[in-house]
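Numbers 4 to 183, taken from the numbering used here, label the letters of the sequence shown in order.
We put the beta carbon where it would ideally sit given N, CA and C, even for glycine.
Worksheet: one structure, shown below.
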Amino acid sequence: GEILGRDPVDLIGKRVWDEFPEMKETAFYLKTMEAMERRKSIAFENYYAPKQQWFENRLVPSAEGLSTFFQDITERKKAGEQLLEKEAMLAAIARNYPKAVVSVLNKKLEIDFISGGFFHERGFNEEKFVHRPLKAVFDSYGVNVSDDVKQLYEQAFDGKDVKGDILIYDFRFVFYAMPL
């Protein structure tokens, strides 16, 4: 009830369509009808425009009617959209700088995203790198990742923009690390 701006006690035993008639025009209504007709539980996400919120819903039919469980996932959706926007931006940067490698690391120093002209022209494939620890990737190519590099990334996770360099075979890489 709180999510909908109503006292939950006032909603028990009432028809949702009488209390929220505007919901008859939503996917929620269609999924509710489907759950009741099929007598099967349904889980789905939907956007509720009047509240400008995203919800994760579980509908569970029973002999007494239908139990509805939902939670506001608006922040999670926004975070997902922001991540997609950042990945698109990074991919664009990687495409426009042919000698660059663009990567995103998580706090465990695992690669979440990697791309770039230098990376692709040498035949590397993202799947071999993504979700792997940075150290393991470098170790597999016989390159030692120094503690200095790790410290620079840790500084970036603390909110600082940092610059460093690393020698890999005959290539000196200048890298920039910054919080996203």
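*To which residues does DSSP link residue 75 through a beta bridge?*
Your numbering for residue 75 matches position 72 in the sequence shown. Its beta-bridge partners are 58.
*asked:* Could you tell me the alpha carbon to alpha carbon distance between residue 9 and residue 18, rounded to whole angstroms?
replied: By 1-based counting over the sequence shown, the position of residue 9 is 6. By 1-based counting over the sequence shown, the position of residue 18 is 15. Computed Cα separation, rounded: 14 Å.
*Any alpha helix (DSSP H) of 4 or more consecutive residues that is wholly inside the segment 71-117*: With a minimum length of 4 residues, the continuous alpha helix (DSSP H) runs that stay inside the segment 71-117 are 77-99.
*For residue 16, which of 62, 59 and 67 has the nearest alpha-carbon?*
As a first step, residue 16 must be located in the sequence shown, where it is residue number 13. It is 67.
_Please report the straight-line C-alpha distance between residue 79 and residue 172, rounded to a whole angstrom._
As a working mapping, residue 79 is identified with position 76 in the sequence shown. As a working mapping, residue 172 is identified with position 169 in the sequence shown. The alpha-carbon atoms of residue 79 and residue 172 are separated by roughly 41 Å.
_Since residue 133 and residue 116 should fall inside the 8 Å C-beta cutoff, what is the C-beta to C-beta distance between them, to a whole number of angstroms?_
In the sequence shown, the residue the question calls residue 133 occupies position 130. In the sequence shown, the residue the question calls residue 116 occupies position 113. Sure, about 7 Å apart at Cβ, within 8 Å.
_the segment 103-119 / the segment 130-148 touching (three or more Cβ pairs under 8 Å)_ = They touch, by the three-pair rule.
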